[in-house]
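Here the structure comes first, spelled out in structure tokens, and everything after it is commentary.
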Amino acid sequence: MSQISINHDEVDIVIGALQLDLKSFMEEWRPVFSLFHLIIVKDPDLKGELEIPAGFNFDLYTKSDIDGVVGSSSNAISFSGYSCRYFGYLMSRKKYIISIDDDCIPARDSAGNFVDAVSQHITNLSTPATPFFFNTLYDPFCKGADFVRGYPFSLRSGVDCGLSCGLWLNLADLDAPTQALKPELRNTRYVDAVLTVPARTMMPVSGINISFNRELVGPALLPAFRLAKEGNLRWETVEDIWTGMCVKVVCDQLRLGVKSGLPYVWRKERGDAIESLKKEWEGVKLMEDVVPFFQSLRLSTSAATAEDCLSEIAAVVKEQLAPANPVFARAAETMVEWVKLWKRVQTQ
Amino acid sequence: MATADISKSSPPLKDELDIVIPTIRNLDFLEMWRPFFQPYHLIIVQDGDPSKVIKVPEGFDYELYNRNDINKILGPKSSCISFKDSACRCFGYMVSKKKYIFTIDDDCFVAKDPTGKEINALEQHIKNLLTPSTPFFFNTLYDPYREGADFVRGYPFSLREGAPTAVSHGLWLNIPDYDAPTQLVKPRERNTRYVDAVMTIPKGTLFPMCGMNLAFNRELIGPAMYFGLMGDGQPIGRYDDMWAGWCTKVICDHLGLGIKTGLPYIWHSKASNPFVNLKKEYKGIYWQEELIPFFQSATLSKDATTVQKCYLELSKQVKAKLGKVDDYFNKLADAMVTWVEAWDELNPSAGGSTGVTNGSAK
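Here's what the structure looks like:
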């Protein structure tokens with residue numbers, strides 16, 4: 001599907017390793033991953049040696065690296081569990097970053113072809129987005145498609161894409177109550193489209209299969225929203241949902257686009273929704289406050305960079321949400337510390 | 349296959365839905381749709397020369413209106429109904445007595461899905477209309493009410509009831525609905541991509557509504573579906589459905605109703621002449637640049653609690669803000685008022701009419 005010639009030097013693939021044995025994961029992705037530079041970050045809580053097969057060009061970061069770089073900020077910012085990947089984003093110097101959970105393998109499309117998720121993400125990031133008016137034929141820059149009758153001409157050049165959110169076949173990213181109610185539900189529908197999520201429309205961004213333009217929105221991909229009983233299954237987290245809303249607000253403010261749709265990855269069965277549900281309800285409840293908050297958030301016109309936007313968001317979180325729940329107070333603090341850390345590390 | 353389905357169980361909404369078809373040529377296309385359309389009542393709006401006899405294929409239950417009928421029924425108010433343009437179809441919406449409308453162009457045929465199965469477009473539209481929309485928060489797995497889908501992690505439970513669906517906007521395989529400049533540049537492009545999704549267009553976002561394959565809940569949004577002044581004697585064409593779509597979206601957003609787009613696909617067979625289209629669209633291409641910011645910033649007052657009230661408020665804003673773009677918009681604003689008056693005359697006891705006792709038909 002991709003007609004873009006990819007400059008591989010512009011891409012880092014960041015993998016958060018939440019399990020020691022990465023062999024089958026890496027082998028499945030070898031046809032794609034072997035062409036790029038990888039940043040592998042080991043969950044600092046994971047004990048033991050990672051097993052990574054040969055033939056990959058990668059940098060590995062572990063707890064000691066994290067402690068070394070983050071230093072005194074390490075009290076405020078946690079890189080445990082799924083958040084370990086954010087350290088990889090901090091270390092990268094590339095334009096595009098792609099991140100896929102380590103329990104996902106390449107999918108096949110409806111014709112049975114191997115889906116090169118990396119290539120599709122890069123296409124999404126390097127072609128314009130169209131957030132100001134909805135195109136009913138979805139991505140107008142895709143081969144075989146275009147803007148439809150009635151689409152204003154002044155909006156047809158589009159804007160830069162800041163974030164690309166992919167999807168999942170087999171185990172979809174449903175919350176624990178939903179999956180527990182429908183244990184047999186698997187996503188088998190391959191929807192052959194990429195679309196731009198309109199400006200000022202909020203959405204739940206799943207961290208399972210995403211990519212972003214680090215130069216444009218890098219600091220907005222941050223580890224801030226940690227639940228008290230957060231675990232190592234996506235059902236036991238909402239950190240990516242929080243981060244995704246920050247990114248969307250930043251993109252809306254900076255007039256960048258967020259795309260959703262292709263590529264698909266195949267998500268393997270892991271965990272038990274009912275067990276997760278017994279452990280963790282908090283995340284689901286917190287969304288009731290989080291979503292309206294982000295929907296009504298308006299930043300000042302002077303917030304012209306991702307860092308500025310994040311500082312403003314953190315201040316409003318502290319003022320409006322923090323009084324209700326310590327999770328929000330911690331999130332606001334972490335966001336402030338993260339922006340400081342990002343600035344420090346990026347200028348080195 | 350489809351005939352067997354119909355004999356098994358009653359077609360959904362058989363007595364609650366009208367199919368509105370504008371035509372100036374013939375209705376031969378209905379033969380292909382027979383298995384899916386025959387149980388339903390048709391409203392044919394005959395455009396052009398009223399002395400021409402348009403033959404409706406045997407076996408269909410229908411009412412047909414030509415220009416003479418329109419003039420007779422509406423009297424002086426018939427001035428709001430376009431002539432020599434498929435925009436005249438909105439007359440069919442007005443005279444219908446049903447809760448739901450499906451409208452389709454006479455060059456649209458039954459499409460096949462990727463498995464080769466013929467698509468019952470009407471059935472899919474009905475599914476879309478009878479399940480809620482989700483305009484307030486985007487679901488990345490698209491329509492969560494579809495079989496095999498659901499709300500994703502992070503979607504608040506308080507938003508999972510959704511909003512009532514007012515409009516179902518279908519798409520087209522083969523000849524895509526491009527504007528004239530795009531048609532000229534890409535005369536051979538065909539839409540071959542079957543995107544297996546229905547999704548809600550988020551609140552606050554406008555879209556280009558195509559009238560070729562469209563269904564809506566007439567009780568929820570009918571009076572907003574005015575297709576404007578196009579065709580004979582008018583400076584513009586091919587913006588009828590666009591105009592209706594922008595008005596409808598603003599009003600749906602205000603009233604908390606949803607609009608879905610995506611499935612079903614129909615097969616669009618006829619590519620209209622791009623040079624003829626260019627002449628019709630020419631002014632629209634420039635005017636659109638003013639219209640979009642107008643609709644994007646349009647707000648309706650708290651008192652606008654019915655579709656008619658919303659529409660009349662909008663018409664005042666059209667006159668105030670767009671009248672200076674071209675005098676056409678002054679005429680259009682007046683026609684919008686005429687349309688609502690005519691609608692209320694023909695639909696006196698419908699729930700939500702301005703100033704009349706609200707006997708809710710729900």
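Protein sequences, first through last, are from chains A and B. In terms of the numbering used here, the first sequence opens at residue 1 and continues consecutively. In terms of the numbering used here, the second sequence opens at residue 349 and continues consecutively. From the three backbone atoms N, C-alpha and C, an ideal C-beta is built for every residue, glycine too. Owing to the predicted nature of the structure, the values given are computational and were not obtained by experimental measurement.
- V533/B counts as exposed, since fewer than 16 other beta carbons sit within 10 angstroms of its beta carbon.
- Under the DSSP assignment, R267/A falls in the beta strand (DSSP E) whose first and last residues are 257 to 267.
- The beta carbon of V655/B sits closer than 8 Å to those of L568, I569, G570, P571, A572, I599, L603, G700, all from its chain and outside the five residues before and after it, given in chain order.
- Cβ contact annotation for T488/B (same chain, cutoff 7 Å, sequence separation greater than five): V500, in chain order.
- Proximity of chain A to D498/B at the Cβ level (cut-off 8 Å) is accounted for by A172, L174, T178, K182, L185, in chain order.
- Distance from the CA of S119/A to the CA of K23/A, rounded to the nearest whole angstrom, comes to 22 Å.
- Boundaries of the alpha helix (DSSP H) harbouring N416/B: 415 to 422, taken from the DSSP string.
- At a Cβ-Cβ threshold of 9 Å, A129/A and C161/A count as neighbours.
- Residue contact with chain A for S506/B: present (Cβ-Cβ distance below 9 Å to some residue of chain A).
- By the C-beta density criterion, A17/A is buried, having at least 16 other C-beta atoms within 10 angstroms.
- Nearest C-alpha to P106/A among S311/A, P263/A, E337/A, T237/A: P263/A.
- Under a criterion of Cβ atoms nearer than 9 Å, the residues of chain A adjacent to T540/B are, in order, G144.
- Not one beta carbon of chain B lies nearer than 9 Å to the beta carbon of L254/A.
- Using a Cβ-Cβ cut-off of 7 Å, Y151/A is close to P556 of chain B, given in chain order.
- Bounds of the alpha helix (DSSP H) holding A690/B are 676 to 694.
- Contacts with chain B at 9 Å (Cβ-Cβ) include M203/A.
- Taking the Cβ atoms as the reference, G502/B lies roughly 27 Å from V70/A, outside the contact range of under 8 Å.
- Taking C-beta atoms as the reference points, G150/A and P641/B fail to come closer than 9 Å.
- In the structure shown, P131/A falls within a coil segment according to DSSP collapsed to helix, strand and coil.
- Taking the CA atoms as reference points, S358/B sits about 21 Å from K465/B.
- Chain B places a beta carbon closer than 9 Å to that of G244/A, counting this residue as a contact.
- R234/A reaches chain B at R501, counting residues in chain order whose Cβ is nearer than 9 Å.
- Around the Cβ of V458/B, a 10 Å sphere holds 16 or more other Cβ atoms; the residue is buried.
- For D525/B, the residues of chain A that pass the 9 Å Cβ criterion are T136, L137, V148, R149, G150, in the order they occur in the chain.
- Look at the beta carbons and you see the segment 129 to 144 of chain A not touching the segment 226 to 242 of chain A: under three pairs across the two are nearer than 8 Å.
- If you keep only unbroken beta strand (DSSP E) runs of at least 3 residues inside the segment 556 to 581 of chain B, you get 561 to 565.
- Under the three-state reduction of DSSP output, V404/B falls in the coil class, being neither helix nor strand.
- Annotation: Y96/A to I66/A spans about 22 Å, alpha carbon to alpha carbon.
- Within the segment 189 to 200 of chain A, the residues whose Cβ lies closer than 9 Å to some Cβ of chain B are R189, Y190, V191, D192, A193, L195, V197, P198, A199, R200, listed in chain order.
- Around the beta carbon of A304/A, fewer than 16 other beta carbons lie within 10 angstroms, which makes this residue exposed.
- Sequence-ordered contacts of the segment 382 to 408 of chain B with chain A are nonexistent [C-beta pairs closer than 7 Å].
- Burial is judged here by how many other beta carbons sit within 10 angstroms of a residue's own beta carbon; L181/A has fewer than 16 and is exposed.
- Taking the beta carbon of G552/B as reference, the chain A residues within 9 Å of it are P198, A199, R200, T201, listed in sequence order.
- At a Cβ-Cβ threshold of 9 Å, K63/A and K42/A count as neighbours.
- Taken through DSSP and simplified to helix, strand or coil, Y138/A comes out as coil.
- Here Y86/A has F79, L221, L222, P223 as same chain residues with Cβ atoms under 7 Å from its own Cβ, once five neighbours each way along the sequence are excluded.
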